[in-house]
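First up is the structure itself, then whatever we jot down about it.
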Amino acid sequence: MVERTVVVGSTSGLHARPAKLLVNAAKEQPAAVRLRVGDRPAIDTRSILAVLTARVKQGTEVTLEAEGDGAEAAVAALADLIARNLDEEGDEDE
Amino acid sequence: MSERVLGGGALGESAALAVAPAGQVGEVGTADEVGQVGEVRAAPGAGPQTAATSVLSGVGVSAGTAIGPVVRMTSPEPLPPPRPVADAAAERSAAERAVAELAADLAARAERLSGEAKEILEALAMIAEDPTLGDDVRRRVAAGTDAPHALTEAFDAQADLLREGGGYLAERAADLEDLRDRAVAAVLGRPIPGIPDPGHPFVLVAADLAPADTANLNPDQVLAIVTERGGPTSHTAILARGLGIPAIVAAAGATGIADGTNVAVDGTSGTVTVGVEPAANSADVPHARATRAARTQVDLADLGPGHTKDGHPVSLYLNIGSMKDVRTGAQGAGLLRTEFLFLGRKDSPSRAEQHAAYLELFNAFPGARVVIRTLDAGADKPLPFLALPDEENPALGVRGLRTARLRPEVLDDQLAAIASAAEAAACEVWVMAPMVATPAEAADFAARARAHGLQHVGAMVEIPAAALRAARLLEHLDFLSIGTNDLGQYTMAADRQDGRLPDLLDPWQPALLELIALAAEAGRAAGKPVGVCGEAAADPRLAAVLVGLGVTSLSMAAAAVPAVHAELSARTLRECRELAEQARDALDPAQARALASRS
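From first to last, the protein sequence lines stand for chains A and B. Read in full-length UniProt numbering, the first sequence has 82 at position 82, and its numbers run on one by one without any break. Read in full-length UniProt numbering, the second sequence has 232 at position 232, and its numbers run on one by one without any break.
Below, the structure written as structure tokens:
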């Protein structure tokens, strides 16, 4: 199993736009990536409802985990996304 | 608008929570009976009436009149009783198909839209195809539950989880319920609930509108909107005003009007006259649409400056949040919000960047007056770069001018940029601070602004303390501008974000009018202007009341200007003062409205 711990970089935490971008990216990965906060049960990063109800704030340490083919790449891609401040990056709509 | 990707779902609160405004609704009777009671009367311009007409009363939230046939929004029918499942695999694929269709439909509708409406629908589609939800549905079907009940229970379980999250998450619960109703309709082969499309113009009647509904609304077909729930600051109200569609919320009994019944809707007085003659077929319906087009597209320059019938000037300004709100020919901008520059920023924009943005907006009003408001962050509009700590009760926390206590350099940079842009611009720039409570705050802000060379310095009156001490504030300031939405919420201790208290947030509340009168009187005594830039200014009848209270300018969305201009042109200042006197003396908003519409 591949595991990586990363600090949430987005100002709004894993909510609103950052949550949406994370879920969209998770769906594109070859392996299912789960996310753990502290000792709470792991959640599926492809589930917007699970991500939102996890209520993860900026600065929180989260652990990503996946297994099987493509696990390494999938965890790396999502870790990179979570570490960035997505609230500050361009919004194509306005 | 990135912070509102999943936003806009504050509507659709459960029926059990919806509170009917006391004394405003439920007055259903024949026009004659109602006329005798003296509470509600048929709206002016409501069209020919037959003996069978009756009148419903609600809160008018978007001005204008329209006549047309009612089409009710399909409300979800009750679930059929649970049935035993013989073929679990077939049941499971039926449920999966319903959810897939729902997600595909939302995604397809999102494709046709842009901006915030698109983001809302994309977010809804993402929720519809959520694997957590899907797994739960499958688990319930495997345990022997039929598809409609499995869907209902799974969506409701997620809605409950969101509600437990409170605040922002709790607002998403209504989205889940809306999706639930659509998925259940799909699996039962019933028509999908939503905005009807009868193929002709109609008056839309609904219990309430969800964001997914409003995003799908066709303004060419919807003549007017009447809802049973919602309040003056609800999603429905804001959307309708933006589109220039007459609208009434909190109209009890509206969903009892049969489809096809012709009604006359008066979004100014808040009355729906049921059973009027049809709009002389193709004659009046296009007329209503033309009127609406006129309201939204009229060249403001053709109207000329605002004034009463006897020539007393009342400046009519625009509320501006970005360049897209600018209309040519306006008398000026009465509220130029600056938050757009700061949204989603980690650091404050530089003075040079601010200078350029302000200058572009100032130059959109050559020769006119532009009242620019310094950054108004906090409560309902958190800004990441201010890094304000979480607050239990942000509406009463560090917001508006108070953020300068923590980050004074942000205010100074902004004032410097406003001053340099004002210097370069060909318009008269006034600057004001939001959420001023005390004369000391006013004095401090005025000193800062004047140190940067700004000559016209004022403050928003949004806190009752500021209205009560308006005269003391004006010892330091050149003008005041009343924000009626916030002043209303703080006067009535009723959260603007809470859809259950529309009666308390009604801008016709006599207590709110008293505070406006205090501020206006202080301005008159000091010989300084006092304007109103809240939603109240956009209600033509209330605009006349405000002028009667002594308000010297009104600022509103461009779509509201023609109706307010027309209303003021039809009344003398003395009539406005009589209206104001009556409204202040009224027992409640319903009586205030009734008295005002009698004159």
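Here a beta-carbon is modelled for each residue, glycine too, at the ideal position from N, C-alpha and C.
| Query | Result |
| --- | --- |
| Using a C-beta cutoff of 7 Å, does T132/B count as contacting chain A? | yes |
| Measure from the C-beta of A596/B to each C-beta in chain A and report whether the shortest distance is under 7 Å. | no |
| How many Å lie between L204/B and K324/B at the Cα? | 28 Å |
| Taking beta-carbon pairs under 7 Å, can you tell me which members of the stretch 33 to 48 of chain A lie near chain B? | D44, R46, S47 and I48 |
| Extract the residue ranges of the beta strand (DSSP E) inside the stretch 329 to 382 of chain B, only unbroken runs of 3 or more that lie entirely within it. | 332 to 336 and 369 to 373 |
| From the DSSP secondary-structure annotation, give me the bridge partner or partners of S62/B. | A247/B |
| Per DSSP, what kind of secondary structure is N485/B in: helix, strand or coil? | helix |
| Between V51/A and T45/A, which are expected to be in contact by the criterion C-beta below 8 Å, what is the C-beta distance as a whole number of angstroms? | 7 Å |
| Does the beta carbon of M126/B come closer than 7 Å to any beta carbon on chain A? | yes |
| What does a CB cutoff of less than 6 Å around E72/A pick up in its chain, not counting 5 residues either side in sequence? | V2 |
| DSSP beta-bridge partners for L35/A? | I43/A and L64/A |
| Where does the unbroken beta strand (DSSP E) through G262/B begin, and where does it stop? | Note that residue 262/B is Asn in the sequence shown, not Gly. Counting along the chain, the beta strand (DSSP E) containing N262/B begins and ends at N262 to D266. |
| The alpha helix (DSSP H) spanning G400/B covers which residue range? | Segment: none, G400/B is in no alpha helix (DSSP H) and carries neither H nor E. |
| Applying the 10 Å Cβ sphere with the 16-neighbour rule, what's the burial state of D266/B? | buried |
| Would you list the one or two residues that DSSP bridges to M126/B? | DSSP output for M126/B lists no bridge partner at all. |
| So what's N319/B in DSSP terms, helix, strand or just coil? | strand |
| Tell me A459/B's beta-bridge partners as DSSP assigns them. | A433/B and L480/B |
| Among A88/B, T236/B and H307/B, which has the Cα closest to the Cα of T552/B? | H307/B |
| Given a cut-off of 7 Å on the beta-carbon distance, is the pair V431/B and L401/B in contact? | no |
| For my contact list, V410/B and S348/B are in at a C-beta cut-off of 8 Å; report their separation, rounded to the angstrom. | 5 Å |
| Using only the alpha-carbon positions, how far apart do P567/B and V314/B sit? | First, the residue type needs correcting, since residue 567/B is Glu and not Pro in the sequence shown. One C-alpha to the other measures close to 12 Å. |
| Assuming A157/B and D136/B form a contact by the criterion Cβ under 8 Å, report the distance between their Cβ atoms to the nearest whole angstrom. | 6 Å |
| I'd like the list of long-range same chain contacts for G548/B, defined as Cβ closer than 6 Å, with 5 residues on each side in sequence excluded. | C576, R577, L579 and A580 |
| I need the DSSP call for R4/A, collapsed to helix, strand or coil. | strand |
| Please list, in chain order, the chain A residues whose beta carbon lies closer than 8 Å to that of A560/B. | Residues of chain A passing the Cβ test: none, with the nearest at roughly 23 Å. |
| Determine, using beta-carbon pairs with one atom in the stretch 343 to 362 of chain B and one in the stretch 424 to 444 of chain B, whether at least three such pairs fall under 8 Å. | yes |
| Roughly how many angstroms separate the alpha carbons of W508/B and V276/B, rounded to a whole number? | 28 Å |
| At 7 Å on the CB atoms, spell out the chain A contacts of A377/B, in chain order. | Within 7 Å Cβ-Cβ: nothing; A377/B doesn't reach chain A, min ~13 Å. |
| Provide the residue(s) that pair with E428/B in DSSP beta bridges, ordered along the chain. | R369/B |
| Residues in the same chain with beta-carbon distance under 7 Å from R524/B, minus the five sequence neighbours each way, listed in chain order, please. | G550 |
| On the three-pair Cβ rule with 8 Å, is the stretch 181 to 193 of chain B touching the stretch 89 to 100 of chain B? | yes |
| Pair every Cβ in the stretch 54 to 69 of chain A with every Cβ in the stretch 19 to 38 of chain A, then say whether three or more of these pairs are closer than 8 Å. | yes |
| So Q158/B contacts chain A; which residues on that side make the cut at Cβ distance below 9 Å? | L49 and T53 |
| 7 Å is my cut-off, CB to CB: does K346/B come that close to chain A? | yes |
| If distances are taken between C-alpha atoms only, which option among A447/B, L375/B, P562/B and G329/B comes closest to L341/B? | L375/B |
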